[in-house]
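Notes for the one structure printed next.
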Amino acid sequence: MSENGKNGLTYSDAGVDIDAGNLLVEKIKPAVRSTRRPGADGEIGGFGGLFDLKAAGFKDPVLVAANDGVGTKLKIAIDAGIHDTVGIDLVAMCVNDLVVQGAEPLFFLDYFATGKLDPDQGAAIVGGIADGCREAGCALIGGETAEMPGMYAGGDYDLAGFAVGAAERGQLLPAGDIAEGDVILGLSSSGVHSNGFSLVRKIVELSGLSWDAPAPFTEGVSLGRALLAPTRIYVKPLLKAIRETGALKALAHITGGGFPENIPRVLPKHLAAEIDLGAFRVPSVFSWLSKAGGVAQNEMLRTFNCGIGMIVVVAETDAARVAEVLAGEGETVVTLGRMVARADGAPGTVYKGTLAL
1 MSENGKNGLT YSDAGVDIDA GNLLVEKIKP AVRSTRRPGA DGEIGGFGGL
51 FDLKAAGFKD PVLVAANDGV GTKLKIAIDA GIHDTVGIDL VAMCVNDLVV
101 QGAEPLFFLD YFATGKLDPD QGAAIVGGIA DGCREAGCAL IGGETAEMPG
151 MYAGGDYDLA GFAVGAAERG QLLPAGDIAE GDVILGLSSS GVHSNGFSLV
201 RKIVELSGLS WDAPAPFTEG VSLGRALLAP TRIYVKPLLK AIRETGALKA
251 LAHITGGGFP ENIPRVLPKH LAAEIDLGAF RVPSVFSWLS KAGGVAQNEM
301 LRTFNCGIGM IVVVAETDAA RVAEVLAGEG ETVVTLGRMV ARADGAPGTV
351 YKGTLAL
């Protein structure tokens with residue numbers, strides 16, 4: 001009570017700690033500085049982030065924007081107490097969607113909402129975001145931290161990300177010359193990435209395993225840490241292939257919906273992608289999920305990436321050259337199939353063979 005007898009409540013009494021927020025800002029400043037690039041060299045803390053397209057080297061750019069989250073993969077991070085990788089996922093889900101349109105990611109902003117702000121937890125999350133930004137070559141120029149008691153319980157939190165990229169006018173993908181016979185290359189994923197985790201969590205629940213139990217599909221790591229392997233960021237290898245070869249016709253980021261939903265998004269209506277399911281190795285995590293949950297092949301294909309996180313469409317004569325550039329940048333490249341004629345009303349993705357689950 002205050003001296004005049006009235007309640008002397010503070011914002012902190014209501015559950016919002018301004019000092020904790022200020023401490024978080026100070027903790028993350030070094031990580032944010034580490035993402036600076038041409039066009040972005042300001043400090044965080046202002047009312048908005050700035051980016052200079054001319055300084056970044058663009059002459060006649062078209063801006064491309066994307067936003068996304070991490071989904072219920074966050075529940076595993078929260079329950080397992082592992083917070084240093086989900087920020088990478090957040091960046092990856094946004095910047096991979098930019099590069100498939102031929103755009104170079106330029107800058108990123110994040111939204112972090114929590115019930116009770118823990119500066120160390122927040123710094124680990126933003127540290128992951130900065131890691132992802134450095135890997136993608138984009139600057140973390142700002143964001144928002146919201147402490148919302150009553151909206152989120154306990155240590156729960158949510159993340160959203162917003163990325164902006166650019167491409168010179170006339171260089172956006174997909175190109176208009178995708179043709180029957182074009183080759184489909186696949187780039188290997190790093191694991192489950194950031195889709196299908198409601199099903200993943202259901203399977204783990206049915207298995208009776210705890211997050212700190214040894215992962216049944218890989219050695220030397222806990223189940224929680226194994227499932228939290230961050231989404232692969234394909235930006236730099238793809239940009240190099242685009243710029244050095246000029247041969248990429250289309251790219252598709254394999255996210256929720258898998259092959260059948262994502263590949264047709266970049267194809268003309270008269271063509272379908274014929275995928276050889278036996279052409280690539282299915283990582284052990286997907287085999288375990290399929291067996292432990294009794295998940296059928298078609299459900300696996302429409303829920304998970306099953307080992308292929310990115311699709312590349314090129315002319316047959318360019319396939320070897322593009323694959324060589326991508327492999328030189330550390331990507332595992334497989335030839336998945338070809339573009340075939342598509343009848344009216346037919347699916348945009350058709351399969352040969354079966355997944356080696």
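The UniProt record's numbering applies: residue 1 is where the sequence shown begins, and numbers increase by one. Glycine residues also receive a C-beta, built at the ideal position from the N, C-alpha and C atoms. Model, not experiment: these values are computed from the prediction.
Counted as a single uninterrupted DSSP element, the stretch harbouring Ser188 is not any alpha helix (DSSP H) but the beta strand (DSSP E) occupying residues 183-188.
According to the DSSP secondary-structure assignment, Met310 is paired through a beta bridge with Leu187, His253. In the same chain as Pro174, and ignoring 5 residues on each side of it, the C-beta atoms closer than 6 Å to its own belong to Ala250, Val266, in chain order. Under the Cβ criterion (8 Å, minimum of three pairs), the region 101-112 does not count as touching the region 225-232. Contact check between the region 130-143 and the region 24-37: three or more CB pairs, one atom from each, fall below 8 Å, which counts as touching.
Under the three-state reduction of DSSP output, Arg134 falls in the helix class. Under the DSSP assignment, Phe51 falls outside any beta strand (DSSP E); it carries neither an H nor an E label. Straight-line spacing of the CA atoms in Gly161 and Gly57 works out to 25 Å. Residue pairing by DSSP puts Ser222 in a beta bridge opposite Pro214. Leu355 sits close to Leu277, with the two beta carbons spaced by under 8 Å. Nearest C-alpha to Ala327 among Asp156, Leu199, Ala241: Ala241.
Rounded to whole angstroms, the gap between the alpha carbons of Lys352 and Val183 is 15 Å. Short of 7 Å from the beta carbon of Asn262, and not among the five residues preceding or following it, lie these beta carbons of its own chain, in chain order: Ala252, His253, Ile254, Thr255. When DSSP states are grouped into helix, strand and coil, Thr85 belongs to the coil group.
Taken atom to atom, the span from the alpha-carbon of Ala146 to that of Ala113 is near 5 Å. Shown here, Ala14 sits in a helix according to DSSP, grouped into three states.
The shortest CA-to-CA distance from Lys236 to any of Ala92, Leu53, Leu9 is the one to Ala92. With a cut-off of 8 Å on Cβ pairs, the region 299-310 is in contact with the region 269-288, counting three or more such pairs.
In this structure the region 153-167 touches the region 114-132; the number of beta carbon pairs closer than 8 Å is three or more. Ranked by Cα distance from Cys94, the first of Ala163, Ser222, Arg338 is Ala163.
Looking at Lys29, Glu205, Ile88, Arg342, the one whose alpha-carbon comes closest to that of Cys133 is Ile88. The C-alpha of Glu244 is placed about 19 Å away from the C-alpha of Asp177. Two segments are said to touch when three or more pairs of C-beta atoms, one from each, lie closer than 8 Å; by this definition the region 209-223 does not touch the region 324-344. When secondary structure is reduced to three states using DSSP, Asp276 falls in the strand class. Met300 sits in a helix when the DSSP states are folded into three classes. The criterion of a C-beta distance shorter than 8 Å is not satisfied by Phe259 and Leu357. For Met93, the secondary structure class from DSSP, reduced to helix, strand or coil, is helix.
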